[in-house]
Structures are given as structure tokens and as C-alpha cells.
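Okay, so the sequence shown: first residue is 5 according to the working numbering, each after it adds one. This report concerns only the one structure given below.
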Amino acid sequence: MGSYLVNATFQSKITEGADIIVGMIYTVFGICSVCGNSILLYVSYKKKNLLKPAEYFMINLAISDLGMTLTLYPLAVTSSLSHRWLYGKQVCLFYAFCGVLFGICSLSTLTLLSTVCCLKICFPAYGKLISFSLRLFSICLLNKDSHWLVCVSWRTFI
């Protein structure tokens, strides 16, 4: 009876047909995400000398989205097509951790990007006061290190 309760816990609550449709949609989105983000990272690598500091936000967003796609989509697709969670409690916790990590990183990146755009539009003189190297340093520091660190540190409280 104990094994039935464990299996019932991981059963999908939607119909089997809906699970298959969700699995197919996730597959299409996953393929598009891997292709699109990989192309963006490849082009950014090849044209790294032409990148402006604000474009590093897009690179970080692509890394975050690619990380989410590569860690979450395979688990979600296979479980959806099987109409139940296949991987147990520990992988479920890892799945949740990766979802929170990459989700917060994407949201933080978009927040920083919109802040930079707002400053450039509303205060155009402000952007000219800061040197290129200082902008690049602040973007790398704020974007890459701090919010990735915040996301990982939140894991200790969950």
C-alpha cells in the first residue's frame, strides 16, 4: 500500500491526451529554444569585438534560458508523455531548484536590461558620463555574479 501512495503522488492530474499534447508542445519549444539560444551564443562569440555592454544582458539571458531548457525540458517532456513523474523526490527537488535558479536569473536580467534602457532614454547624459569599461564592469558584476549568487543562496532556505 505504501508504494501505491508514492506512485499516486506522482500521477498526473490531467488527462492522458492533454499530457501528450503538453509533451509535444514542450518538445517543439525546447527545440526552438536550444536552436535560437545556441545561434545567439555562437554569433555573440564570433562577433565578440562588436558587442556593446547592454548586449551582454542578452547573452546572459540566452545562457539562463538554455540552462532552463537543458535541465527542465527533458524531465518535463518524458514525464508528461508517461503521464506521471518518472524521477522521484530528489530529482523533483533538483527540478524545482533549477526552475527557481534560471527563472530568477532570467527575471533579474530582464530587470537590469529594462533599467539600463530606461536610464538611457530618460537620462541620456547619464550614459555618457560613465566610461565604457565602467559600464562593462558594472554589467558583468551586477548581472553575472550577484543574481546568480542570490539564486544559489536562496536554495539554502528552501
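Backbone N, C-alpha and C fix where the C-beta goes; we use that ideal spot for every residue, glycine too.
Item	Value
Does DSSP put Gly6 in a helix, a strand or coil?	Low confidence applies here, because Gly6 scores a pLDDT of 45, under 50, leaving its location unreliable; read the following figure in that light. DSSP places Gly6 in helix when its eight states are reduced to three.
Is the segment 62-82 in contact with the segment 35-46, if contact means three or more CB pairs nearer than 8 angstroms?	yes
Can you confirm whether the segment 81-94 touches the segment 15-31 when touching is taken to mean that 3 or more C-beta pairs between the two stretches lie within less than 8 angstroms?	yes
Return the chain-ordered list of same chain residues with a C-beta closer than 8 angstroms to the C-beta of Cys102, the five sequence neighbours on each side being excluded.	Gly71, Met72, Thr75 and Leu76
Compare the beta carbon distance of Phe61 and Thr113 with 7 angstroms and say whether it is the shorter of the two.	yes
I think Leu117 touches Ala58, with their Cβ atoms under 8 angstroms apart; what is that distance to the nearest whole Å?	7 angstroms
When we look at the beta-carbon of Tyr46 and count the other beta-carbons within 10 Å, is it buried (16 or more) or exposed?	exposed
For Gln94, write down the residues that DSSP places opposite it in a beta bridge.	Answer by DSSP bridge pairing: none, since Gln94 is not bridged.
Would you report the Cα separation of Tyr8 and Phe98, rounded to the nearest angstrom?	Residue placement at Tyr8 is flagged as unreliable, the pLDDT there being 45, under the threshold of 50; the coordinate-derived value follows with that caveat. Tyr8 and Phe98: Cα-Cα distance of roughly 23 angstroms.
Less than 7 angstroms between the beta carbons of Val95 and Tyr30, yes or no?	no
Hey, Ser110 and Ser48: beta-carbon distance below 7 angstroms or not?	no
Since Ile63 is in the alpha helix (DSSP H), which residue starts that stretch and which ends it?	Glu59 to Ser86
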